[in-house]
Each structure stands twice: as structure tokens, then as C-alpha cells.
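The structure appears right after this line, and notes come after that.
There are 2 protein chains.
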Amino acid sequence: MSETYQPRAVSQAPYAAAQGGDDAGSPFNDYFVEQDGVRFAGTHLIVDLWGAKRLDDMAFIENVLRDCVDASGATLLHIHLHHFTENNGVSGVAVLAESHISIHSWPEHGYAAMDVFMCGETEPHRAVEVLRAAFRPERIEIGEHRRGAMA
Amino acid sequence: MSETYQPRAVSQAPYAAAQGGDDAGSPFNDYFVEQDGVRFAGTHLIVDLWGAKRLDDMAFIENVLRDCVDASGATLLHIHLHHFTENNGVSGVAVLAESHISIHSWPEHGYAAMDVFMCGETEPHRAVEVLRAAFRPERIEIGEHRRGAMA
Chain C
23 MSETYQPRAV SQAPYAAAQG GDDAGSPFND YFVEQDGVRF AGTHLIVDLW
73 GAKRLDDMAF IENVLRDCVD ASGATLLHIH LHHFTENNGV SGVAVLAESH
123 ISIHSWPEHG YAAMDVFMCG ETEPHRAVEV LRAAFRPERI EIGEHRRGAM
173 A
Chain Z
23 MSETYQPRAV SQAPYAAAQG GDDAGSPFND YFVEQDGVRF AGTHLIVDLW
73 GAKRLDDMAF IENVLRDCVD ASGATLLHIH LHHFTENNGV SGVAVLAESH
123 ISIHSWPEHG YAAMDVFMCG ETEPHRAVEV LRAAFRPERI EIGEHRRGAM
173 A
């Protein structure tokens, strides 16, 4: 089945090594990033999946979250998932050294509300590709916030 | 000190009792809400605090998150906080029956990136008042998303 998503199969590019270091003068890495002359804390993607599959499968969802972390070059600190008995929906949060990824799913509507919020030298958009491959949504809406922009 | 924030001192109004039930025909409570003719999963507040205090105090922050949950009429399922040694920043997530509240703080910048995402018959804006009283930010920016709008 070529369409089947294989958790843990995402390769991780050595992204950090390809990034320029612009914090050389700082006493520590505060995970702020700089793009287009704007210094900000991180990128927060608001991801809504519609017509998505396997939103009731907690073990699968946990693997997908872990794959998102790996694909983005982030560091997992803590993961917690909760399965609701009423509708088999799942709420899950992965706390990262670089912020968090969260999911809240309504399998009966094929809907999941997800957040991918990452600071530092990570690639949050790679997580979206993992989500697309894993949940195969008919439609995906992505909003993007630069959190903590310092001008 | 009248300015001192007293954790756990927030009174909780019996909000649920004051809400009309519009899910009477549903087989279960799926936590979707309806406002202005739009049915949606929940309200997601993107809250940025600047010039905020006590962003390095993990025990305080945990109490504040718990107060946010109480004030909003939400139900806490799980709470996890992490203290970073490099800058004393704190990352914390409260997983709720109604979604989540999160914080990522940079005490050295007086900055915290917070999310208050709540579904069902809750009052997420009450959490913002708790945050304002607790962290006494000089400036607060609030973005609002209606997640999962079904038209």
C-alpha cells in the first residue's frame, strides 16, 4: 500500500548545521530567530485539517507527533495524549525545547485543530508535510504567526 | 500590597448554568459551539505579554495556569511545566477537556507567548484577565481565531 503512512520513516536533514549563527554575541541561545530584519521568538502555525483520517487512533497520533518533532529538527521534552471516550477524539501535546505541537481531534467531523509552534533553528513547515502524509486530509488550512516580534 | 496577585483567589461564576443548551439534539456533547450562526470547534486566543513579571517563577506560573482553567470554567486533565536552566524561562501546557492553555516565557525579554484555546461552554477571555492580573504586563496583544468553523 503505497499510500500508507509509515510512522518514524521521515528522514531528518542536518538543518542546524546549515543555519547561520547570528547569536554569536549572546551569552546563551535564547532561541529567538531573525528573518528579513525582524527578530522574533518563533513561528506559530495554526493548522486545521478537514476530511482527515485516523483521528481516533491515539497510538498512531503519538507517532505522528514524534515524527513532526524529528522532521522539524526540534527536541522533545514531554508528550501527553488523552483519548476521549465520548467521541474517540484525541487531545495531545508535545512540549519541545522550542515550544510545542498540539492536536485536538473530532473524528466524527474528520476535523483536527493543530498547532506547530517552534522557536530557534527548526523547520516547522516540515511538520506540516508529516501531518499531510499521515492524516491525508481533503483540505488543510494554515495560518502563520510570528510570535514575539521585536521590530 | 494591593497589587500582589493571589493565586487561587479567582472566583468562578456558575457559567455553565447560565448558558443555553443548543446541543439538545446531539447524541453527545462534542464541544462545538455556535455564535452568530457559525458553528465552530472553539476559540483560540493568541496572547503575547510584554513587560511581564515573574516569568521565571515556575510554581507561580503553574498556579496561574490552574487559575486560568478555573476562571474559564474549563476542566484540567494534565499539566506539565519545564524550567529552562539557560535563561530561567518556563514552558508549560495545561491539557483541558476543552483543548489547552500554554505558556513559553523569556524572562530576560519580559516576554511570554501564550495560547488559550477552549471549546465548549467555557469563557477563554476570563483567562486573559487572570493573566493580566498575575503577570502585570506593560502591553498585551491578543489575536483570536475561531477554530473549526463549519459555516
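Chains C and Z supply the protein sequences, listed in that same order. If you read the first sequence in my numbering, its first letter stands for residue 23, the second for the next number, and so on. If you read the second sequence in my numbering, its first letter stands for residue 23, the second for the next number, and so on. C-beta atoms are modelled at their ideal positions from N, C-alpha and C, and glycine is treated no differently.
Please classify residue i: is it buried, with 16 or more other beta-carbons within 10 angstroms of its beta-carbon, or exposed?
{"i": "Arg148/C", "result": "buried"}
{"i": "Gly64/C", "result": "buried"}
{"i": "Thr144/C", "result": "buried"}
{"i": "Met172/Z", "result": "exposed"}
{"i": "Leu153/C", "result": "buried"}
{"i": "Val69/Z", "result": "buried"}
{"i": "Pro159/Z", "result": "buried"}
{"i": "Ala46/C", "result": "Since pLDDT at Ala46/C reaches only 40, below the 50 mark, its modelled position is unreliable, and the value read off the structure follows with that caveat. Exposed, since its Cβ has fewer than 16 Cβ neighbours within 10 Å."}
{"i": "Val60/C", "result": "exposed"}
{"i": "Glu56/Z", "result": "exposed"}
Give the residues of chain Z in contact with residue i, contact being defined as C-beta atoms less than 8 Å apart.
{"i": "Asp70/C", "result": "Arg169, Gly170"}
{"i": "Ala81/C", "result": "Within 8 Å Cβ-Cβ: nothing; Ala81/C doesn't reach chain Z, min ~18 Å."}
What residues from chain C crowd round residue i, counting only those whose CB sits closer than 9 Å?
{"i": "Asp137/Z", "result": "His66, His122, Ser124, Asp137, Phe139"}
Measure from the alpha carbon of residue i to the alpha carbon of each residue in the options, then state which is nearest.
{"i": "Gly170/Z", "options": "His122/C, Glu166/C, Ile162/C", "result": "Ile162/C"}
{"i": "Ile123/Z", "options": "Gly114/C, Asp89/C, Val86/C, Leu99/C", "result": "Gly114/C"}
{"i": "Gly73/Z", "options": "Glu56/Z, Asp79/Z, Phe157/Z", "result": "Phe157/Z"}
{"i": "Cys141/Z", "options": "Ala155/Z, Arg168/Z, Pro159/Z", "result": "Arg168/Z"}
{"i": "His104/Z", "options": "His131/Z, Glu120/Z, Ile83/Z", "result": "Ile83/Z"}
{"i": "Ala96/Z", "options": "Val152/Z, Asp58/Z, Ala119/Z", "result": "Ala119/Z"}
{"i": "Asn110/C", "options": "His100/C, His102/C, Glu130/C, Asp92/C", "result": "Glu130/C"}
{"i": "Gly165/C", "options": "Phe106/C, His66/C, Pro146/C, Arg61/C", "result": "His66/C"}
{"i": "Val138/Z", "options": "Val60/Z, Ala81/Z, Asp58/Z, Leu71/Z", "result": "Leu71/Z"}
{"i": "Ala116/Z", "options": "Arg61/Z, Asp89/Z, Tyr133/Z", "result": "Asp89/Z"}
{"i": "Ile101/Z", "options": "Ala81/Z, Glu108/Z, Ala93/Z", "result": "Ala81/Z"}
{"i": "Tyr133/C", "options": "Leu77/C, Leu99/C, Val86/C", "result": "Leu77/C"}
{"i": "Val150/C", "options": "Glu108/C, Leu87/C, Phe106/C", "result": "Leu87/C"}
{"i": "Leu99/C", "options": "Ser94/Z, Leu98/Z, Phe106/Z", "result": "Phe106/Z"}
{"i": "Val91/Z", "options": "Ala135/Z, Ser121/Z, Val112/Z", "result": "Ser121/Z"}
{"i": "Val112/C", "options": "Asp79/C, Tyr53/C, Asp58/C, Lys75/C", "result": "Asp79/C"}
Kindly say whether residue i, judged by its beta-carbon, lies nearer than 7 Å to any beta-carbon of chain C.
{"i": "Ala74/Z", "result": "no"}
{"i": "Asp44/Z", "result": "Because the pLDDT of Asp44/Z is 41, which lies under 50, any placement of that residue in the model is unreliable, and the question is left without a value."}
{"i": "Val117/Z", "result": "yes"}
{"i": "Ser127/Z", "result": "no"}
Shorter than 7 Å from the beta carbon of residue i to some beta carbon of chain Z?
{"i": "Ala93/C", "result": "no"}
{"i": "Pro49/C", "result": "Because Pro49/C carries a pLDDT of 44, less than 50, the predicted location of this residue cannot be relied on, and the following value inherits that uncertainty. Chain Z, which has no Cβ nearer than 7 Å to the Cβ of Pro49/C, makes this no."}
{"i": "Val55/C", "result": "no"}
With a threshold of 6 Å, establish whether the CB of residue i neighbours any heavy atom of the ligand FAD.
{"i": "Val69/C", "result": "As presented, the structure is devoid of all ligands, the ligand FAD included, so that no description of it is given."}
Point to revise | Interfacial residues, the stretch 95-113 of chain C to chain Z, with Cβ spacing under 9 Å | key: Answer in chain order: Leu99, His100, His102, Leu103, His104, Phe106, Glu108, Asn109, Gly111, Ser113.
Exercise for review: Using a Cβ-Cβ cut-off of less than 9 Å, list which residues of the stretch 142-165 of chain Z approach chain C; keep chain order.
Suggested key: Gly165
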